[in-house]
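S.K.:
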Amino acid sequence: MNKMNRSYRLLKKINQEQADAIIKEISELPMVKGTGFNEDLTLLNMVVEEDCYPDVMSRVVNIFRRLAGGCDLSFDHFNFD
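Note that numbering that gives the first Met the number 0 gives residue 72 to position 73 of the sequence shown, counting from 1, and the numbers run on in steps of one.
Written out as structure tokens, the structure is:
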């Protein structure tokens, strides 16, 4: 199965505790092959099975809204290896 590697800009500042909780929940999703924040917690990178991206993003948006006080995401760029 093909994987997609994308980065998303956070539209609200989060703290390290929120970031850790978010990464923990996202990492538990079986279709997610890798995830992490940049150093200043403004960008989320995710590697996901290509066919599962819409389902994963729906869950990720809900995770952010719940754990980061309504924080939304905006697509930033594709990452090419």
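For each residue, glycine too, the CB sits at the ideal point set by N, CA and C.
The structure presented is a predicted model; accordingly, all values stated were derived computationally and were not measured.
So the candidates are 64, 50, 13; which of them puts its Cα closest to the Cα of residue 36?
M.R.: The candidate whose alpha carbon is nearest that of residue 36 is 13.
S.K.: Going by CA-CA distance only, name the one from 75, 52, 46 that's closest to residue 22.
M.R.: Residue 46 is the option with its Cα nearest to residue 22.
S.K.: Quick one: Cα of residue 30 to Cα of residue 51, how far?
M.R.: Spanning the two alpha carbons is a distance of roughly 7 angstroms.
S.K.: Could you spell out the range, first to last residue, of the alpha helix (DSSP H) harbouring residue 38?
M.R.: Note, residue 38: premise wrong, no alpha helix (DSSP H); not H, not E.
S.K.: So is residue 79 buried or exposed if we call it buried at 16+ other beta carbons inside 10 Å?
M.R.: Classification for residue 79: exposed.
S.K.: Our contact map puts residue 40 next to residue 18 with C-beta atoms below 8 angstroms; I'd like the distance itself, whole angstroms only.
M.R.: Indeed they touch by this definition, with Cβ atoms about 5 angstroms apart.
S.K.: With 16 as the cutoff for other CB atoms within 10 Å, does residue 10 come out buried or exposed?
M.R.: It is exposed - the Cβ of residue 10 has fewer than 16 other Cβ atoms within 10 Å.
S.K.: Identify whether residue 78 lies in helix, strand or coil by the three-state DSSP scheme.
M.R.: Coil at residue 78, not helix or strand.
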